[in-house]
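Counting in the working numbering, the sequence shown runs from 1 upward without gaps. Every residue gets a Cβ at the ideal spot worked out from N, C-alpha and C, and that includes glycine. Given the structure is predicted, the values throughout are model-derived calculations rather than measurements.
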Amino acid sequence: MHRAWLGVVSADHTQRAVQGGFIQLNHGKRYGVARLHRGDGFAIYSPTEHYLEKRPLRAFTALGVVADDAPYQAEPMSMGPRGTIQPWRRRIDFLPAHRVPLTEVALNLTKSPNWGYQLRRGLVPLEPEDFESLQALMT
């Protein structure tokens with residue numbers, strides 16, 4: 001594995017993604033999923049259990065490998081007050097995994113002060129060693 005990524009997705013949306021074998025980021029925008037390449041590792045961090053919920057979860061909730069060569073547009077879907085969108089997605093081969101709380105993980109990503117600020121982008125590069133650490137803990 002040459003590259004790995006960390007996506008930020010609520011746990012309930014992560015569950016839908018795992019069941020469907022896809023990832024969708026930043027409310028279906030293309031730019032995030034377009035950065036992924038077949039074979040890249042992909043982990044999901046869920047700050048909350050449910051989208052728009054304030055109570056923190058702070059756990060790694062899924063991981064897998066990018067399984068396609070390019071983004072694709074899914075069928076239109078309702079985003080409630082945000083209207084209807086036709087999201088861009090990527091196929092992911094998710095691995096059988098269980099949740100791991102952030103407090104139980106030591107990653108290079110989390111060593112620097114204010115490391116969490118970059119999570120606001122929804123997708124951040126993840127060192128392959130960090131992906132391997134998550135894989136060892138979650139599978």
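- Fewer than three beta-carbon pairs drawn from the stretch 105 to 112 and the stretch 69 to 87 are found closer than 8 Å, and the two stretches are therefore not classed as touching.
- Note on geometry: alpha-carbon atoms of F22 and S112 lie some 30 Å from one another.
- For Y72, the secondary structure class from DSSP, reduced to helix, strand or coil, is strand.
- G41 and G64 have their C-alpha atoms spaced approximately 6 Å apart.
- Along the length of the stretch 36 to 69, whole beta strand (DSSP E) runs at least 3 residues long occupy 41 to 48 and 56 to 66, reported in chain order.
- A check of alpha carbon separations from A67 across W5, Q118, H37 and F131 identifies H37 as the nearest.
- Beta-carbon to beta-carbon, G7 and I85 are separated by about 17 Å, too far to satisfy the 8 Å threshold.
- With contacts defined by Cβ atoms closer than 8 Å, G122 and L25 form a contacting pair.
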